[in-house]
Structure formats: structure tokens, C-alpha cells
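**Student:** Chains as they are written, first to last, in the UniProt record's numbering: chain C, 1 to 82; chain F, 1 to 541. Idealized CB from N, CA, C, for every residue including glycine. None of these values were measured; they are calculated from a predicted model. There's a structure below that I have some questions on.
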Amino acid sequence: MPEEKPPPVVTPARVIIAICLIAPFVAMLWVSSYAKVDPAFIGIPFFYWYQMLWVLISTALTMIAYKLWQRDQRARKEGASS
Amino acid sequence: MKTGVNGVALGVFIFFFLAVTVIGFMASRWRKAENEESLDEWGLGGRSFGTWVTWFLLGGDLYTAYTFVAVPALIYAAGAAGFFAVPYTILVYPLIFTFLPRLWSVSHKHGYVTTSDFVRGRFGSKGLSLAVAVTGILATMPYIALQLVGIQAVLDVMGVGGESSNWFVKDLPLLIAFAVLAAYTYSSGLRAPALIAFVKDGLIYLVIIVAIIYIPIKLGGFDDIFAAAGEKFAKLNPATGKPIGALAPGEAGQWGYATLALGSALALFMYPHSITATLSSRSRNVIRRNTTILPLYSLMLGLLALLGFMAIAAGVSVKNPQLAIPQLFENMFPDWFAGVAFAAIGIGALVPAAIMSIAAANLFTRNIYRDFIRPDATPAHEAKVSKLVSLLVKVGALAFVLTMDKTVAINFQLLGGIWILQTMPALVGGLFTRWFHRWALLAGWAAGMLYGTFAAFGVASPTQKHFGGSSKEIPGFGEIGYIGLTAFVLNAVVVVVLTFVLKALKAPEGVDETSPADYTADAGDKGVQIDLPPATAGATH
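Okay, here's the thing in C-alpha cells:
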């Protein structure tokens with residue numbers, strides 16, 4: 001068994017990761033915030049383009065979470081081997 | 001509307017179909033391992049797929065032909081409510097990001113091929129593992145049947161089969177498509193759908209990009225499209241006296257919309273075929289990286305859903321909404337391109353059908369055959385049984401489609417989603433904690449299955465008495481919600497309460513063969529093998 005002192009479980013980076021992953025749930029499950037027709041975008045009602053926009057936003061958020069997680073893991077591995 | 005056989009479209013369709021058939025058979029030679037006689041090799045492609053292959057494979061099996069036909073069909077029929085597919089696929093990826101890397105690690109450490117393998121190893125309970133396996137197989141079968149329904153819709157619109165009174169002539173094209181699918185899955189295993197998925201996705205992207213630019217221009221822009229749709233949905237339904245649909249969900253529909261999106265997202269990655277595609281990836285990093293590129297498909301799905309509105313604006317009028325999109329393509333596109341579009345849908349049905357039948361076969365072989373019938377089966381024997389079962393599963397699905405009404409397949413698919421969600425406490429709970437008691441998990445599963453089935457049975461719609469939909473009033477809450485999610489909450493409550501009781505009674509716990517470190521192990525760590533010994537020894541990529 002390795003004997004290094006484990007780094008704290010909750011770190012600022014991990015909090016950001018959690019927020020990135022939870023945000024889409026809040027946005028998408030709060031249906032009343034976007035269940036309307038106006039304002040339309042190039043003729044597409046708000047309801048539709050807003051959710052499509054969230055596809056892009058959630059992709060960006062997952063990407064941030066992925067990068068932060070990678071950095072977090074790399075730091076922990078280095079910390080463990082030194 | 002055109003009638004008769006559309007020769008040009010059919011020709012193009014057949015051309016693509018033949019092309020993928022050749023690819024399917026050649027696939028067994030692609031990234032070939034030394035020992036191909038094991039289940040790991042046939043059923044998980046040697047677990048060697050990198051980011052892009054995994055992306056195509058996952059996309060190929062989460063976004064099925066049925067999705068492409070059904071989502072716009074729902075929009076065509078009911079408007080906004082059908083768009084739940086978009087938030088649903090948005091929510092899937094954070095879930096995959098969180099859960100599946102842990103499953104990958106523990107599976108690769110202990111050589112698990114299915115979710116049931118994991119549940120048995122984690123909780124030391126064959127009964128619980130059997131429950132998970134049976135649920136998986138039950139939920140997958142109608143899903144495969146629906147893929148065949150998707151092919152049938154395309155064939156119908158092309159004027160092949162469908163209307164002929166002779167049952168043999170009517171079903172012959174479907175039988176041929178089916179035989180081809182069965183033959184190459186049998187010979188090439190998971191490699192076949194992985195390769196064909198490239199062709200499928202290429203075609204589908206092409207068709208959608210063309211459709212989303214070309215059709216609105218022909219119809220006079222999105223303003224006109226949504227104006228026409230708004231007009232249609234404002235009409236009153238003679239049966240209920242309410243409008244038949246809406247461009248944005250009203251207050252009453254919002255709970256249903258949210259619970260359906262959440263419940264479907266939770267269910268999706270519990271399906272055996274999504275697990276199969278995930279476990280076949282090379283490392284846990286591949287899975288996480290994939291969650292950052294998979295949403296490309298959600299975007300595609302959103303655009304595709306809008307086709308439902310275009311079908312309304314284009315004046316497509318069909319009794320069966322499932323035919324709306326194929327009919328839209330035939331009306332709007334030149335014949336040759338309609339052929340390409342139909343080929344995209346047809347091939348889009350073959351890929352998931354192949355992966356699903358492989359996943360169901362893996363479950364049967366590992367968790368029913370080996371655990372209960374022949375414990376001493378060798379890896380080569382396992383692979384043989386699995387190949388045969390994948391064939392049987394497909395024959396079963398075919399029989400389903402040919403002998404029963406299409407609505408039956410759709411009803412069962414709806415039930416399948418509710419059922420598969422009930423395996424979540426054991427699977428996801430097990431990935432994070434060992435606190436749950438195995439008997440409590442089994443009882444919770446049974447409660448969820450029973451409630452879900454009865455609740456769905458009791459939903460009536462204007463056209464059918466039972467299984468008329470997947471939403472119902474949540475007991476004691478008053479809002480309309482997705483039955484699967486309600487059943488899942490009931491399931492979870494039973495699990496927690498009974499775990500307290502069983503722990504107080506000191507009921508025997510099963511043996512846990514995993515350790516905490518197993519859940520974070522990655523490729524290259526000690527004891528983690530990309531391929532499983534001894535069956536796939538020497539297979540390095």
C-alpha cells in the first residue's frame with residue numbers, strides 16, 4: 001500500500017468540475033424558464049433554439065470539466081510518486 | 001404523393017446496402033487479434049477501441065434509426081413535447097462522465113463483460129445479477145424490433161413490400177435486410193457495427209445538413225414553417241376539446257417534459273448496448289474525452305427534430321406519423337438523394353440492431369448460461385453460445401415485428417425504458433457504495449418493475465386502452481410525470497428502508513470481490529489489462 005498523505009478530497013478545481021456537470025441539469029429541468037415562443041431566432045421559437053444553444057453550452061462545460069479533471073489527476077499522480 | 005415503386009431511390013438504397021454488407025464481412029479482419037474464439041474478442045472487439053471508434057460506436061448505437069424516425073414523428077404529431085429528446089441527450093453526457101469511468105475500471109480489473117457481471121462481483125448475489133440480466137434482455141428485445149420497424153417505414157415509402165397482399169412479398173425485403181444483418185454480426189462480432197457506423201454517420205450527417213438547408217429554403221424559411229405548424233397545433237382535438245399540440249409546452253406539460261428528459265437520460269446508459277460500447281474502449285480517458293464530442297449528435301438530433309415541423313409545413317399528411325419523415329424526404333428531394341436518405345435510415349437501423357443483439361447475447365451467456373446452466377464453460381464455448389444467442393435474439397425481434405402490430409413493439413419499448421431504469425440502484429449505487437444490502441436491492445427492483453408495468457398498463461390514449469403513453473400522475477404529488485422515474489424513486493425508497501431493516505437484523509451480506517482502488521484504476525496501472533487473460537492473450541494494439 002502507498003503511504004503518501006492523500007490530498008484533500010474537495011478542492012476548488014473539483015467544485016468547479018461539479019458545477020460544470022450539474023449546471024445542465026438545473027437549466028434543462030427548469031422547463032418553465034424556457035417554455036415560451038418569443039423571442040424567435042431566424043424564425044425558430046425560443047423554446048427550440050434555447051435548448052439547442054444548451055447543447056453547445058453543456059459541451060463547453062463538459063470540456064472544461066474534462067480538462068480540469070485531467071490536470072487534477074496528473075497533479076495527484078505526481079504528488080503520489082514524489 | 002407519389003405511388004408505386006421509386007426505382008431510382010431504391011437503386012441508390014440497394015447500392016449502399018450492398019456496400020455496407022461487404023464492409024460488415026470484411027470487418028472481422030480489421031484490428032484482428034490472435035485469439036478470436038473468445039467472447040471478449042467477439043463481443044467487445046477485444047476492448048481496444050480508441051476515442052474516435054468509440055465515438056462512432058456509441059453514437060451509432062445511441063442514435064438509432066428509430067430515433068431518426070420517431071423523434072421528428074413525435075414533433076410532427078404533438079409539437080413541443082417531442083423535443084424532450086434534446087434535453088435528454090444533453091443530460092446523458094454529464095452522467096456518463098461521472099459514472100461510466102468507474103465501471104470501466106472495475107470491469108477491466110476483474111474481467112467483467114456485462115453489468116450483471118459487475119453486480120454479481122460487487123454484491124456476491126447471483127439472484128440480483130440474474131434480475132439485472134433478465135431486465136437487460138427484456139428491455140433490449142423490443143428495441144431491436146423497433147429498428148426493424150424503422151427499416152420497414154423506409155421500405156414502405158419507397159413502395160417496396162408494404163401494400164402487397166401476399167405476406168411473403170410484403171416482408172421479403174425486410175427478411176433480406178435481416179439475413180444480412182444476422183450473417184455479418186455472427187461472423188464479425190462488434191467489429192462489424194463499429195466499421196459500418198462510419199458509413200452510417202457519414203450518410204446521416206450529409207442528409208441532415210442537406211435537409212436542414214435545402215428544405216427550409218424550399219418552404220420559404222423557418223418563419224413560414226413555424227407559422228404553419230402553429231396553425232396545425234392550434235386546431236382542437238375533437239376527442240378532448242383541447243388543442244392537439246403546442247409550440248411551447250404549457251404549464252401542465254412541464255413536469256412531464258422534465259421527468260421524461262431526466263428519466264430517459266438515466267435509462268439510456270443503463271441499456272446493455274451502451275455499456276457494451278463503453279467497455280470496448282481502450283481506457284477510461286477515452287470515455288471522458290468522448291463525452292466532450294458526443295454532444296455533436298445532440299445537435300444533429302435537434303436539427304432532425306425540426307424536420308417534424310417541416311413535414312407539417314410541406315403538407316405531408318400521413319396516418320402513421322412514423323412515415324412523416326421518409327415521406328417528407330420523398331416529396332422534397334430528387335429521387336437519387338431520397339435514396340441516399342433512405343439508405344442512411346436503413347443502415348442506421350442495422351448498426352444498433354447488431355450492437356444490441358450482441359449485448360443481449362453477452363448477458364445471456366455470461367449471467368444465465370454460465371452462472372446457472374454450464375458453470376464450466378470455456379471462453380471458446382462462451383463465444384459460441386453468445387453468437388448463437390445473438391442470432392436467436394434477432395429472430396425473436398423479427399418474429400415480433402412480423403406477427404404483432406407495430407404498436408405492440410412501441411409499447412414494449414416504452415416498458416423497456418421503465419424496466420431498465422430499475423437496475424440503476426444496483427448498478428450506479430454499487431459503483432459508489434457497498435452500503436446497500438443485496439436483498440434490499442432485489443426487493444426495490446421488484447417493486448419498481450411491478451409499479452412501472454402496472455402504471456404503464458393503465459395509461460389510456462385516444463387510440464388504445466393500455467400502454468397509451470409513458471406519463472401518469474405522480475401519486476401523492478398531483479403532477480403528471482414519467483412513470484419510469486416515479487417507479488425509480490419508489491425503488492430507491494424501498495432499497496434504503498430495507499437496507500436499514502436488513503442491517504439491523506444482521507442479514508448475511510454477500511462477498512465483495514472488488515476493492516475501492518479498483519474503481520479508479522486506469523489502463524497501465526498494475527493489474528489492469530486492456531485485454532482479458534487468458535482468452536485474448538497477446539492481443540495488443
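Using only the alpha-carbon positions, how far apart do residue 625 of chain F and residue 17 of chain C sit?
**Tutor:** Chain F is shown only over 1 to 541; residue 625 of chain F falls outside these bounds and no answer can be derived.
**Student:** Please name the residues in the segment 126-154 of chain F whose beta-carbon is closer than 9 Å to at least one beta-carbon of chain C, in chain order.
**Tutor:** So the list is empty, because no residue satisfies the distance condition.
**Student:** Given residue 11 of chain C, which residues of its chain have a CB within under 8 Å of its CB, disregarding the five upstream and five downstream residues?
**Tutor:** Counting from one through the first sequence, the residue named residue 11 of chain C turns up at place 11. Excluding residues within five positions, the ones whose Cβ falls inside 8 Å are 72.
**Student:** Straight-line CA distance for residue 376 of chain F to residue 370 of chain F?
**Tutor:** Reading the second sequence from its first residue, position 376 is the one you call residue 376 of chain F. Reading the second sequence from its first residue, position 370 is the one you call residue 370 of chain F. C-alpha separation (whole angstroms): 7 Å.
**Student:** Decide if residue 515 of chain F is buried, meaning its Cβ has at least 16 other Cβ atoms within 10 Å, or exposed.
**Tutor:** The count along the second sequence starts at 1 and reaches residue 515 of chain F at position 515. Burial call: exposed.
**Student:** State the start and end residues of the unbroken alpha helix (DSSP H) segment that holds residue 231 of chain F.
**Tutor:** As a position in the second sequence, residue 231 of chain F is number 231, starting the count at 1. 221-234 is the extent of the alpha helix (DSSP H) around residue 231 of chain F.
**Student:** Taking only the alpha-carbon atoms, compute the straight-line gap between residue 534 of chain F and residue 25 of chain C and give it to the nearest angstrom.
**Tutor:** Start at 1 with the first residue of the second sequence, and residue 534 of chain F comes out as number 534. Start at 1 with the first residue of the first sequence, and residue 25 of chain C comes out as number 25. At residue 534 of chain F, the pLDDT of 27 sits below 50, so the modelled position is not reliable; the number obtained from the coordinates is stated separately. Those two C-alpha atoms are separated by around 43 Å.
**Student:** Closer than 7 Å, Cβ to any Cβ of chain F: which residues of the segment 18-32 of chain C, in chain order?
**Tutor:** Of all residues in the segment 18-32 of chain C, 21, 24, 25, 28, 29, 31, 32 have a Cβ within less than 7 Å of some Cβ in chain F.
**Student:** With a 10 Å radius around its C-beta and 16 neighbouring C-beta atoms as the bar for buried, classify residue 532 of chain F as buried or exposed.
**Tutor:** The sequence position of residue 532 of chain F within the second sequence is 532, counting from 1. With a pLDDT of only 39 at residue 532 of chain F, under 50, the local geometry of the prediction cannot be trusted, and no value is derived from it.
**Student:** Taking only beta-carbon positions, decide if residue 16 of chain C is within less than 9 Å of chain F.
**Tutor:** What you label residue 16 of chain C is simply residue 16 of the first sequence in a count that begins at 1. By this cut-off, residue 16 of chain C is not an interface position.
**Student:** Does the Cβ-Cβ distance between residue 287 of chain F and residue 54 of chain F come in under 9 Å?
**Tutor:** Here residue 287 of chain F refers to the residue found at position 287 when the second sequence is read from its first residue. Here residue 54 of chain F refers to the residue found at position 54 when the second sequence is read from its first residue. Closer than 9 Å, so yes.
**Student:** If you follow the beta strand (DSSP E) that residue 473 of chain F is part of, which residue opens it and which one closes it?
**Tutor:** By one-based count along the second sequence, residue 473 of chain F stands at place 473. It spans 471-473 - the beta strand (DSSP E) in which residue 473 of chain F sits, taken as one unbroken run.
**Student:** For a test of the three-state rule: what should DSSP assign to residue 243 of chain F, helix, strand or coil?
**Tutor:** For the purposes of this step, residue 243 of chain F is taken as the residue at position 243 of the second sequence. Residue 243 of chain F falls in the strand class under three-state DSSP.
**Student:** Do residue 342 of chain F and residue 204 of chain F count as a contact pair if the criterion is CB distance below 9 Å?
**Tutor:** For this step, residue 204 of chain F is matched to residue 204 along the second sequence. For this step, residue 342 of chain F is matched to residue 342 along the second sequence. Not in contact: residue 204 of chain F and residue 342 of chain F (Cβ atoms no closer than 9 Å).
**Student:** At what residue ranges does the segment 79-110 of chain F contain a whole run of the alpha helix (DSSP H), taking only runs of 4 or more?
**Tutor:** Taking only runs of at least 4 residues, the alpha helix (DSSP H) segments lying wholly in the segment 79-110 of chain F are 85-110.
**Student:** Return the CA-CA distance between residue 450 of chain F and residue 70 of chain C, expressed in angstroms with no decimal places.
**Tutor:** Within the second sequence, residue 450 of chain F is the residue found at index 450, counting from 1. Within the first sequence, residue 70 of chain C is the residue found at index 70, counting from 1. Distance between the alpha carbons of residue 450 of chain F and residue 70 of chain C: 42 Å.
**Student:** Between the beta-carbon of residue 72 of chain F and the beta-carbon of residue 257 of chain F, is there less than 9 Å?
**Tutor:** Position 72 of the second sequence holds residue 72 of chain F. Position 257 of the second sequence holds residue 257 of chain F. It is not a contact, given that the beta carbons lie outside the stated cut-off.
**Student:** Per DSSP, residue 44 of chain C is paired with what?
**Tutor:** Numbered from its first residue, the first sequence carries residue 44 of chain C at position 44. Bridge partners of residue 44 of chain C: C:41.
**Student:** For residue 480 of chain F, list the residues DSSP reports as bridge partners.
**Tutor:** The residue you call residue 480 of chain F lines up with position 480 of the second sequence. Answer is F:473.
**Student:** Throw me the rounded Cβ distance for the residue 99 of chain F and residue 431 of chain F pair, which I believe falls under 8 Å.
**Tutor:** For the purposes of this step, residue 99 of chain F is identified with residue 99 of the second sequence, where counting begins at 1. For the purposes of this step, residue 431 of chain F is identified with residue 431 of the second sequence, where counting begins at 1. The pair is a contact, with the Cβ atoms about 6 Å apart (cut-off 8 Å).
**Student:** Select from F:221, F:219, F:243 the residue whose C-alpha is nearest the C-alpha of residue 230 of chain F.
**Tutor:** The residue labelled residue 230 of chain F in the question sits at position 230 within the second sequence. It is F:243.
**Student:** Quick check on residue 474 of chain F: buried or exposed, where buried means 16 or more other Cβ atoms within 10 Å of its Cβ?
**Tutor:** Your numbering for residue 474 of chain F matches position 474 in the second sequence. Buried, since its Cβ has 16 or more Cβ neighbours within 10 Å.
**Student:** Straight-line CA distance for residue 207 of chain F to residue 270 of chain F?
**Tutor:** One-based indexing of the second sequence puts residue 207 of chain F at position 207. One-based indexing of the second sequence puts residue 270 of chain F at position 270. Answer to the nearest angstrom: the Cα atoms are 30 Å apart.
**Student:** Give me the chain F residues within the contact set of residue 65 of chain C, using Cβ-Cβ distance strictly less than 7 Å, ordered along the chain.
**Tutor:** Sequence index remark: in the first sequence, residue 65 of chain C carries index 65 (1-based). Per Cβ cutoff of 7 Å: 97.
**Student:** For residue 556 of chain F and residue 43 of chain C, which I take to be in contact (beta-carbon distance under 8 Å), what is that distance rounded to the nearest angstrom?
**Tutor:** This structure does not reach residue 556 of chain F, given that chain F is present from 1 up to 541, and the question cannot be answered.
**Student:** To the nearest angstrom, how far is the alpha carbon of residue 190 of chain F from that of residue 358 of chain F?
**Tutor:** For the purposes of this step, residue 190 of chain F is identified with residue 190 of the second sequence, where counting begins at 1. For the purposes of this step, residue 358 of chain F is identified with residue 358 of the second sequence, where counting begins at 1. Answer to the nearest angstrom: the Cα atoms are 7 Å apart.
**Student:** So, for residue 68 of chain C: in the same chain, excluding its five sequence neighbours on each side, which residues have a beta-carbon less than 7 Å away from its beta-carbon?
**Tutor:** Position 68 of the first sequence holds residue 68 of chain C. Here the set comprises 13, 16, 17.
**Student:** Given residue 249 of chain F, which residues of its chain have a CB within under 7 Å of its CB, disregarding the five upstream and five downstream residues?
**Tutor:** Here residue 249 of chain F corresponds to residue number 249 of the second sequence, with the count starting at 1. Answer for residue 249 of chain F: 80, 81, 257, listed in chain order.
**Student:** On a Cα-Cα basis, can you pick out the residue from F:508, F:402, F:74, F:17 that is closest to residue 322 of chain F?
**Tutor:** Indexing the second sequence from 1 puts residue 322 of chain F at position 322. Checking every option, the nearest Cα to that of residue 322 of chain F belongs to F:74.
**Student:** Judging by CA-CA distance, which residue of F:133, F:95, F:327 is the nearest neighbour of residue 157 of chain F?
**Tutor:** In the second sequence, residue 157 of chain F corresponds to position 157, counting from 1. For residue 157 of chain F, the nearest C-alpha among the options comes from F:327.
**Student:** Looking only at its own chain, which residues have a Cβ that is under 7 Å from the Cβ of residue 507 of chain F, when we skip the five neighbours before and after it?
**Tutor:** Numbered from 1 along the second sequence, position 507 holds the residue referred to as residue 507 of chain F. The residues are 437, 439.
**Student:** Using a Cβ-Cβ cut-off of less than 7 Å, give me the residues of the segment 272-288 of chain F that come near chain C, in sequence order.
**Tutor:** Within the segment 272-288 of chain F, the residues whose Cβ lies closer than 7 Å to some Cβ of chain C are 288, listed in chain order.
**Student:** Does the contact criterion of 3 or more C-beta pairs under 8 Å hold for the segment 38-57 of chain C versus the segment 265-279 of chain F?
**Tutor:** No, the segment 38-57 of chain C does not touch the segment 265-279 of chain F.
**Student:** Under a three-way DSSP split, which group does residue 173 of chain F fall into?
**Tutor:** As a position in the second sequence, residue 173 of chain F is number 173, starting the count at 1. Of the three classes helix, strand and coil, the one that applies to residue 173 of chain F here is helix, per DSSP.
**Student:** For residue 378 of chain F, is the classification buried or exposed, using 16 other Cβ atoms within 10 angstroms of its Cβ as the cut-off for buried?
**Tutor:** By one-based count along the second sequence, residue 378 of chain F stands at place 378. Exposed is the call here.
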